[in-house]
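In this note's numbering, the protein residues as written are 4 to 404.
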């Protein structure tokens, strides 16, 4: 019996030892799990804070790219607060040369992270107009009267010649020079008949070159659309531009949208003429005017040259907008579906382009009008198409101050 009691006691001790060992193991495990959970939550908090700081940097970049400061506290300065004690504070320092130092501090719960990025702004060019002549047309062109068309390159106020320039008139069809009209270009003064280089008839709008290196030649229609899906618009085209948007290398509807946003879109002739009258009787400078109606007659730009250059678009979705009996002074680019009678006192410095493959009326231009090509004017068209991008040159951890 004594042996049995000893065995029972030993069993009880062994059992108690196992129970204690299990309890200690459980406590150790729970403690370790709790500590791991605390550390994991802290790590998650730091990750969330870092992501918030990165978000702050990108918000500052958006302000710097757009030039828009909606809260009025300075471009690139951002201050946000939200739930869960979440806050983001960002400042931007102009380093010169399109470089900025962006400093962001984000706090999420009890975690905080500071980041600093060096940002470079890159501005892409705006208007890229493929000028071929002072007057470029898809339809036939006839000049009458004493109109003077000069494709030589004039300065921005037509006070001096600065280069040989381009053709006076370029058309995909025939050009008839009648009356006492004069045409010149390519370094030669206007005359009748036009000198060599003054007129380009039956112009071909493809170059036979694989411009985009895809193994195809002039495969894209000139329509302002990325037809081959390579991220570029009309980089290897055939044929005349299908619209004013396409002529400027822009997607369909771009010019109309810009004018609508600026309040320079007009659905009726009356509305356009009233707007010109309200601006002193002349087309203002630095604007894109979009006339979306069938007939503008007479089309009067007013007696005073606009400064800086502007763009006038007279175009409808059906391509039947007619600009007729054109008068006044204008600096910039005019694009219209149909054109007849650039006449009277009309004086245009820059370029004129039409898009219909048919003629309308008896003459494209007549009277005492002047159409003078100027690359300087075209280089200073409204920069509404310019796009800015920003890239991060470097990232680094930063203080929380």
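Cβ atoms here follow ideal geometry from the backbone N, Cα and C, with glycine treated the same way.
From a predicted model like this one, the values you see are computed outputs, not experimental measurements.
Have a look at residue i and residue j and give me their C-alpha separation to the nearest angstrom.
{"i": "residue 305", "j": "residue 370", "result": "17 Å"}
{"i": "residue 68", "j": "residue 124", "result": "7 Å"}
{"i": "residue 311", "j": "residue 334", "result": "8 Å"}
{"i": "residue 225", "j": "residue 115", "result": "53 Å"}
{"i": "residue 154", "j": "residue 351", "result": "12 Å"}
{"i": "residue 233", "j": "residue 254", "result": "14 Å"}
{"i": "residue 378", "j": "residue 159", "result": "8 Å"}
{"i": "residue 342", "j": "residue 238", "result": "28 Å"}
{"i": "residue 152", "j": "residue 144", "result": "12 Å"}
{"i": "residue 400", "j": "residue 52", "result": "12 Å"}
{"i": "residue 139", "j": "residue 380", "result": "16 Å"}
{"i": "residue 280", "j": "residue 122", "result": "45 Å"}
{"i": "residue 273", "j": "residue 290", "result": "19 Å"}
{"i": "residue 3", "j": "residue 267", "result": "Residue 3 is absent from the model: the chain starts at 4 and stops at 404."}
{"i": "residue 353", "j": "residue 275", "result": "22 Å"}
Quick one, are the C-beta atoms of residue i and residue j less than 9 Å apart?
{"i": "residue 104", "j": "residue 90", "result": "no"}
{"i": "residue 113", "j": "residue 72", "result": "no"}
{"i": "residue 209", "j": "residue 177", "result": "no"}
{"i": "residue 264", "j": "residue 299", "result": "no"}
{"i": "residue 302", "j": "residue 318", "result": "no"}
{"i": "residue 206", "j": "residue 174", "result": "yes"}
{"i": "residue 375", "j": "residue 192", "result": "no"}
{"i": "residue 362", "j": "residue 142", "result": "yes"}
{"i": "residue 326", "j": "residue 337", "result": "yes"}
{"i": "residue 262", "j": "residue 227", "result": "no"}
{"i": "residue 269", "j": "residue 235", "result": "no"}
{"i": "residue 131", "j": "residue 397", "result": "no"}
Among the residues of its own chain, which have a CB less than 6 Å from the CB of residue i, if the five just before and after it don't count?
{"i": "residue 409", "result": "Outside the shown range of the chain, which is 4 to 404, sits residue 409, and nothing can be said about it."}
{"i": "residue 320", "result": "none"}
{"i": "residue 80", "result": "94"}
For residue i, which residues in the same chain have their Cβ closer than 8 Å to its Cβ, ignoring the five residues on either side in sequence?
{"i": "residue 97", "result": "103"}
{"i": "residue 346", "result": "148, 150, 328, 329, 330, 368, 369, 370, 371, 372"}
Which one or two residues does DSSP pair with residue i in a beta bridge?
{"i": "residue 398", "result": "120"}
{"i": "residue 307", "result": "Residue 307 is not bridged to any residue."}
{"i": "residue 327", "result": "343"}
{"i": "residue 203", "result": "173"}
Answer yes if the segment 189-197 comes into contact with the segment 213-221, meaning at least three C-beta pairs across the two stretches below 8 Å, and no otherwise.
-> no
Meets three-Cβ-pair contact criterion under 8 Å: the segment 347-363 and the segment 241-254 = yes
Evaluate the contact criterion for the segment 179-190 versus the segment 381-401: three or more CB pairs, one atom per stretch, below 8 Å.
-> no
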